[in-house]
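**Student:** Mind looking over this structure? Questions follow.
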Amino acid sequence: MTAKLQLSGIKKQLRGRQVLDGVDIDVAAGRSLVIIGGSGQGKSVTLKCALGLMKPDAGQVLVDGADVTRMPPEIRARVMRKFGMLFQGGALFDSLPVWENIAFRLIYADKISRSDARERAIEAMRKVRLATEFADVRPIELSGGMQKRAGLARAIIAKPDILFFDEPTTGLDPITADAINDLIVEMVKDLGCAAVSITHDMPSARKIADEIAMLHGGRIVWRGPTTTLDTSGNAMVEQFVAGRADGPIQAVV
Amino acid sequence: MINPFAPIGRGLIGILAEIGRFSAFAGQAVASCFAPPIFFGQFLRQCMAIGYFSLPVIGLTAVFIGAALALNIYVGGARFNAESFVPNIVVLGITRELGPVLAGLMLAGRVSAGIAAEIGTMRVTEQLDAMTTLSTDPFKYLIAPRVLAATLTLPLLVMVADIIGVMGGYLVAVNSLDFNGAAYLRNTFNFLESQDVILGLVKAAVFGFIIAAMGAYQGYNSSGGALGVGRATTNAVVGSIVLILAVNYLITAFFVE
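Protein sequence lines, in the order shown, are assigned to chains A and B. Positions 137 to 389 (the numbering used here) are the ones given, in order, by the first sequence. Positions 5 to 261 (the numbering used here) are the ones given, in order, by the second sequence.
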């Protein structure tokens with residue numbers, strides 16, 4: 137199957153530290169890849185390089201086979217329209233009501249009329265099961281789970297080809313987290329898009345992933361189907377999945 | 005052996021590097037003001053926030069400065085029997101110097117700090133990254149409207165400050181210093197030249213640009229949570245004030261020569 141998104145040999149140094157040292161991942165349309173790994177191992181940097189928020193020092197970010205790192209900014213911006221992203225803290229704009237947050241891309245990038253954009257935002261709110269009575273409130277008035285739903289609605293409203301999730305369940309209670317996981321699975325299936333998520337949360341990873349990759353020391357040290365996670369044969373994966381302090385990975389305290 | 009000049013050199017290089025980074029940022033901000041898409045609604049909103057809502061603070065500053073200026077010039081002028089020059093020097097001081105500089109300094113506190121805090125918070129909560137992933141350039145949506153609004157509204161605010169400042173001097177002169185009101189105003193308008201007003205307005209436009217660009221620059225480059233946003237806000241105010249005072253001298257020297 138052709139990769140919708142492929143990261144090849146991505147290297148990135150930050151403040152003199154080699155955070156990514158040749159990351160290779162790829163994900164096909166309709167498939168969900170979850171990257172797991174300890175804190176400070178470069179999961180967020182990988183996602184930022186894929187999204188074009190950070191320029192890698194070396195390597196390629198291929199979207200449908202085209203390297204976005206070498207594209208002129210205006211063409212890259214067009215390719216980026218294929219992306220949708222759910223940020224860890226929601227990253228909703230405080231100054232705008234919830235519906236305008238969700239419809240932001242439609243209004244300001246796609247130049248759709250505000251009334252049409254509002255209709256589509258309401259429809260997206262229904263899809264993520266966020267009560268439409270919250271359309272006109274400010275994001276600060278929403279609970280953490282609701283903010284995630286609003287963020288998810290914003291990510292899917294333009295029907296992206298590739299969806300990114302940064303710690304989608306962090307800070308949520310287990311029931312809300314499970315509801316968000318269900319929504320992610322449902323949205324990825326509905327849209328038929330490729331999904332890349334990063335998380336520490338193993339129940340979440342097991343639920344939303346078709347495949348799991350483990351990032352450690354700036355490289356992917358293991359990758360396999362979710363069903364093989366418990367029989368990976370990789371000491372680092374086993375330690376991480378079991379949540380043990382002793383093992384090849386040193387705990388950062 | 006420790007070279008005593010090394011820290012001075014490092015500091016100087018750091019300052020020059022910062023000036024270079026700010027100049028590049030300001031250049032990008034200017035380019036964003038004229039390249040489509042133009043977010044006109046955002047520009048109008050910023051005109052209200054930066055211009056209209058700064059009127060009370062600018063008005064209060066101007067009236068008290070005008071009044072104090074009249075008293076001081078009266079006392080100083082009395083030493084040379086030159087009390088009658090109060091209206092002339094008040095209007096000159098207000099339009100050429102105190103109006104734009106004090107408006108600039110007040111807005112450095114109110115506007116530059118506000119912009120730095122708002123954009124800085126957006127930076128540390130990933131809202132700027134979110135905006136980029138939503139195919140919208142933060143330079144065009146956030147920074148260009150603020151820079152343009154501050155550059156265009158500060159001259160208007162200074163025009164208001166000039167009028168209120170002169171009125172402050174007038175009120176003190178007429179009520180406390182026994183000046184004739186009609187004569188005071190006649191002297192003011194006869195003495196005032198268009199280049200005095202133009203100098204003040206040119207300064208105001210440049211100060212407006214500095215205030216918004218410095219606030220946006222510090223906010224855009226902030227990092228490290230609440231502490232980083234606090235630092236960005238402080239740097240925005242201090243940077244704006246220092247730059248306003250330095251540029252004020254350069255513009256004045258240019259016009260005088």
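Built from N, CA and C at the ideal position, the CB exists for glycine as well.
Distance, Cα to Cα, D337/A vs P304/A?
**Tutor:** Counting from one through the first sequence, the residue named residue 337/A turns up at place 201. Counting from one through the first sequence, the residue named residue 304/A turns up at place 168. Their Cα atoms are separated by approximately 9 Å.
**Student:** Can you check whether the C-beta of G52/B is within less than 9 Å of a C-beta belonging to chain A?
**Tutor:** Position 48 of the second sequence, counting from 1, holds the residue named residue 52/B. With the sequence shown as reference, residue 52/B is identified as Met, and Gly is not the correct amino acid for it. By this cut-off, M52/B is not an interface position.
**Student:** So, for N252/B: in the same chain, excluding its five sequence neighbours on each side, which residues have a beta-carbon less than 7 Å away from its beta-carbon?
**Tutor:** To locate residue 252/B, count along the second sequence from 1; it is residue 248. Closer than 7 Å at Cβ, skipping near neighbours: V105 and K207.
**Student:** T192/B lies in the alpha helix (DSSP H); which residues open and close that run?
**Tutor:** Sequence index remark: in the second sequence, residue 192/B carries index 188 (1-based). Segment G185 to F195, the alpha helix (DSSP H) holding T192/B.
**Student:** Based on Cα-Cα distance, which residue from N239/B, F213/B and A72/B lies nearest to N225/B?
**Tutor:** Taking the second sequence and counting its residues from 1, the one referred to as residue 225/B is at position 221. Here the closest residue by C-alpha is N239/B.
**Student:** Note down, in chain order, every chain A residue with its Cβ under 7 Å from the Cβ of Y56/B.
**Tutor:** Here residue 56/B refers to the residue found at position 52 of the second sequence. The premise fails here: Y56/B is roughly 17 Å from chain A at the closest Cβ pair, so nothing lies under 7 Å.
**Student:** Report yes or no: do three or more beta-carbon pairs, one from the region 92 to 99 of chain B and one from the region 168 to 179 of chain B, lie closer than 8 Å?
**Tutor:** With the cut-off at 8 Å, the region 92 to 99 of chain B and the region 168 to 179 of chain B touch.
**Student:** Quick one: give me the first and last residue of the alpha helix (DSSP H) that S168/A is part of.
**Tutor:** Reading the first sequence from its first residue, position 32 is the one you call residue 168/A. Counting along the chain, S168/A falls outside any alpha helix (DSSP H), though it belongs to the beta strand (DSSP E) covering S168 to I172.
**Student:** Note down the Cα distance separating I17/B from L249/B, rounded to an integer number of angstroms.
**Tutor:** In the second sequence, the residue the question calls residue 17/B occupies position 13. In the second sequence, the residue the question calls residue 249/B occupies position 245. Between I17/B and L249/B, the C-alpha separation is close to 22 Å.
**Student:** Return the CA-CA distance between K144/B and S36/B, expressed in angstroms with no decimal places.
**Tutor:** In the second sequence, counting from the first residue as 1, residue 144/B sits at position 140. In the second sequence, counting from the first residue as 1, residue 36/B sits at position 32. Going from the Cα of K144/B to the Cα of S36/B covers about 5 Å.
**Student:** Can you tell me whether G360/A is helix, strand or coil according to DSSP?
**Tutor:** Working through the first sequence from its first residue, we reach residue 360/A at position 224. If DSSP states are grouped into helix, strand and coil, G360/A belongs with the strands.
**Student:** Give the straight-line distance between the Cα atoms of G328/A and G225/A, rounded to the nearest whole angstrom.
**Tutor:** Residue mapping note: residue 328/A aligns to position 192 of the first sequence, counting from 1. Residue mapping note: residue 225/A aligns to position 89 of the first sequence, counting from 1. For G328/A and G225/A, the distance between alpha carbons rounds to 25 Å.
**Student:** Look up Q199/B in the DSSP assignment and say whether it is helix, strand or coil.
**Tutor:** Position 195 of the second sequence holds residue 199/B. Of the three classes helix, strand and coil, the one that applies to Q199/B here is helix, per DSSP.
**Student:** Rounded to the nearest angstrom, how far is the Cβ of A131/B from that of A227/A, given a contact under 8 Å?
**Tutor:** Counting from 1 along the second sequence, the entry for residue 131/B is found at position 127. Counting from 1 along the first sequence, the entry for residue 227/A is found at position 91. Strictly speaking, residue 131/B in this sequence is Gln, with Ala absent from that position. Rounded, the Cβ-Cβ distance is 5 Å, consistent with contact.
**Student:** Taking three-plus beta-carbon pairs below 8 Å as touching, is the region 301 to 321 of chain A in contact with the region 207 to 219 of chain A?
**Tutor:** Because the criterion of three Cβ pairs below 8 Å is not met, the region 301 to 321 of chain A and the region 207 to 219 of chain A do not touch.
**Student:** For the candidate residues F89/B, L111/B, S27/B and A39/B, whose alpha-carbon lies nearest to that of L189/B?
**Tutor:** Here residue 189/B corresponds to residue number 185 of the second sequence, with the count starting at 1. Closest option to L189/B, Cα to Cα, is F89/B.
**Student:** Against chain A, does F43/B count as a neighbour if the rule is that its beta carbon must be under 9 Å from one of theirs?
**Tutor:** As a position in the second sequence, residue 43/B is number 39, starting the count at 1. Output row for F43/B: interface = yes.
**Student:** Name the chain A residues that come within less than 9 Å of Y283/B, Cβ to Cβ?
**Tutor:** What the structure shows of chain B is the stretch from 5 to 261, and residue 283/B is not part of that stretch, so it cannot be assessed.
**Student:** Give a yes or no on whether 9 Å exceeds the smallest Cβ distance from G220/A to chain B.
**Tutor:** The count along the first sequence starts at 1 and reaches residue 220/A at position 84. With 9 Å as the cut-off, G220/A counts as an interface residue toward chain B.
**Student:** What does the alpha-carbon distance come out to for the pair S58/B and R114/B?
**Tutor:** Here residue 58/B corresponds to residue number 54 of the second sequence, with the count starting at 1. Here residue 114/B corresponds to residue number 110 of the second sequence, with the count starting at 1. C-alpha separation (whole angstroms): 8 Å.
**Student:** Helix, strand or coil: how does DSSP classify F219/A here?
**Tutor:** Here residue 219/A refers to the residue found at position 83 when the first sequence is read from its first residue. Looking at F219/A - three-state DSSP - the assignment turns out to be strand.
**Student:** Hey, does A213/A have any beta-carbon neighbour from chain B nearer than 9 Å?
**Tutor:** Within the first sequence, numbered from 1, the residue matching residue 213/A stands at position 77. True, the Cβ-Cβ gap to chain B drops below 9 Å.
**Student:** List the residues of chain B that L278/A touches, going by C-beta distances under 7 Å, in chain order.
**Tutor:** Along the first sequence, read from residue 1 onward, the residue named residue 278/A stands at position 142. The premise fails here: L278/A is roughly 14 Å from chain B at the closest Cβ pair, so nothing lies under 7 Å.
**Student:** Please state whether the Cβ-Cβ distance between L158/B and F211/B is less than 9 Å.
**Tutor:** In the second sequence, the residue the question calls residue 158/B occupies position 154. In the second sequence, the residue the question calls residue 211/B occupies position 207. Yes, Cβ-Cβ distance for L158/B and F211/B is below 9 Å.
**Student:** Just to confirm, is the Cβ distance from T129/B to R241/A under 9 Å?
**Tutor:** As a working note, residue 129/B is residue 125 in the second sequence. As a working note, residue 241/A is residue 105 in the first sequence. No; because the gap between Cβ atoms is not below 9 Å, this pair is not in contact.
**Student:** Using a 10 Å radius around the Cβ and a threshold of 16 neighbouring Cβ atoms, would you call V94/B buried or exposed?
**Tutor:** Start at 1 with the first residue of the second sequence, and residue 94/B comes out as number 90. Burial call: buried.
**Student:** Quick one: Cα of A371/A to Cα of A121/B, how far?
**Tutor:** In the first sequence, counting from the first residue as 1, residue 371/A sits at position 235. In the second sequence, counting from the first residue as 1, residue 121/B sits at position 117. C-alpha separation (whole angstroms): 46 Å.
**Student:** Between P275/A, V197/A and A345/A, which lies nearest to F229/A when the distance is taken from Cα to Cα?
**Tutor:** To locate residue 229/A, count along the first sequence from 1; it is residue 93. The shortest C-alpha separation from F229/A is found at P275/A.
**Student:** In this structure, what does DSSP give as the bridge partners for Q394/A?
**Tutor:** No answer is possible for residue 394/A: it lies beyond the span of chain A, which begins at 137 and ends at 389.
**Student:** Give me the chain A residues within the contact set of L138/B, using Cβ-Cβ distance strictly less than 8 Å, ordered along the chain.
**Tutor:** Along the second sequence, one-based indexing puts residue 138/B at 134. Residues of chain A passing the Cβ test: F240, R241, Y244, A245 and R290.
**Student:** Kindly indicate which three-state DSSP category Q177/A falls into: helix, strand or coil?
**Tutor:** For the purposes of this step, residue 177/A is identified with residue 41 of the first sequence, where counting begins at 1. Reduced to three states, the DSSP call for Q177/A is coil.
**Student:** Is there a Cβ of chain B sitting closer than 9 Å to that of Q224/A, yes or no?
**Tutor:** Here residue 224/A is taken as the residue at index 88 of the first sequence, counted from 1. Judged by the 9 Å Cβ criterion, Q224/A is in contact with chain B.
**Student:** List the endpoints of the continuous beta strand (DSSP E) containing T335/A.
**Tutor:** Walking along the first sequence from the start, residue 335/A turns up at place 199. From DSSP, the beta strand (DSSP E) with T335/A extends over A330 to T335.
**Student:** Could you check if P208/A belongs to the surroundings of the ligand NAD, using beta carbon to heavy atom distance under 8 Å?
**Tutor:** Summarising the ligand content, the structure contains no ligands, and the ligand NAD is consequently not present.
**Student:** Can the beta-carbon of E277/A be found closer than 9 Å to that of R254/A?
**Tutor:** Within the first sequence, numbered from 1, the residue matching residue 277/A stands at position 141. Within the first sequence, numbered from 1, the residue matching residue 254/A stands at position 118. No, Cβ-Cβ distance for E277/A and R254/A is not below 9 Å.
**Student:** Pick helix, strand or coil for G15/B, following the three-state DSSP scheme.
**Tutor:** Taking the first residue of the second sequence as 1, we reach residue 15/B at position 11. G15/B: helix per DSSP, three-state reduction.
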